[in-house]
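Here the structure is laid out as structure tokens; the discussion comes afterwards.
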């Protein structure tokens, strides 16, 4: 796997339903210096997700930026994405790795120190840690905010 720059990941906003706006924002992020894009679609059907993923991959190729697909290994494989991001209730990490191979980037969401020290998190290419602070944007399945001290504990 080539060296990936994880400095600034842009996670797309799935509340933007207009494709022209969605892709204009994505391209602005690519031009603005993001080093990784995660296509996150929690509310649309598979056909819409696939179409967005195809176009997102095309844009990411132009800017030489890796594309990560949130949750959907099938979509990631279908569009030849660079990776997938899975959560604690998605496909098990070891199954995802077996299906995707070692060259595929696999990110994993964690909400606690215990999740972060599990073998799966240690084997992931990167981990997404949340929530750090309280949020109004995600209202379901939200763990207690970790705060800066919790983030520091996980980083160790």
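Residue numbers (our numbering): 234 to 389. Using N, Cα and C, we set each Cβ at its ideal position, and we do this for glycine too.
Which of helix, strand or coil DSSP assigns to residue i
i, result
"residue 333", "helix"
"residue 342", "strand"
"residue 379", "coil"
"residue 404", "With the chain covering only 234 through 389, there is no way to say anything about residue 404."
Nearest residue (CA-CA) to residue i, options the options
i, options, result
"residue 336", "382, 367, 310", "310"
"residue 305", "296, 294, 323, 288", "323"
"residue 264", "278, 292, 250, 240", "292"
Through-space distance from residue j to residue i, alpha-carbon basis
i, j, result
"residue 270", "residue 256", "12 Å"
"residue 202", "residue 358", "The requested residue 202 is not part of the displayed model; the chain covers only 234 to 389."
"residue 320", "residue 342", "5 Å"
Whole-number beta carbon distance between residue j and residue i, since they are thought to touch under 8 Å
i, j, result
"residue 340", "residue 301", "6 Å"
Beta carbon proximity, residue i to chain B, threshold 8 Å
i, result
"residue 269", "No chain B appears in the structure shown, which is made up of a single protein chain."
Segment limits, alpha helix (DSSP H) that includes residue i
i, result
"residue 253", "252 to 265"
"residue 294", "279 to 295"
"residue 308", "306 to 311"
Extent of the continuous beta strand (DSSP E) run through residue i
i, result
"residue 243", "242 to 244"
"residue 320", "Per DSSP, residue 320 belongs to no beta strand (DSSP E) and is neither H nor E."
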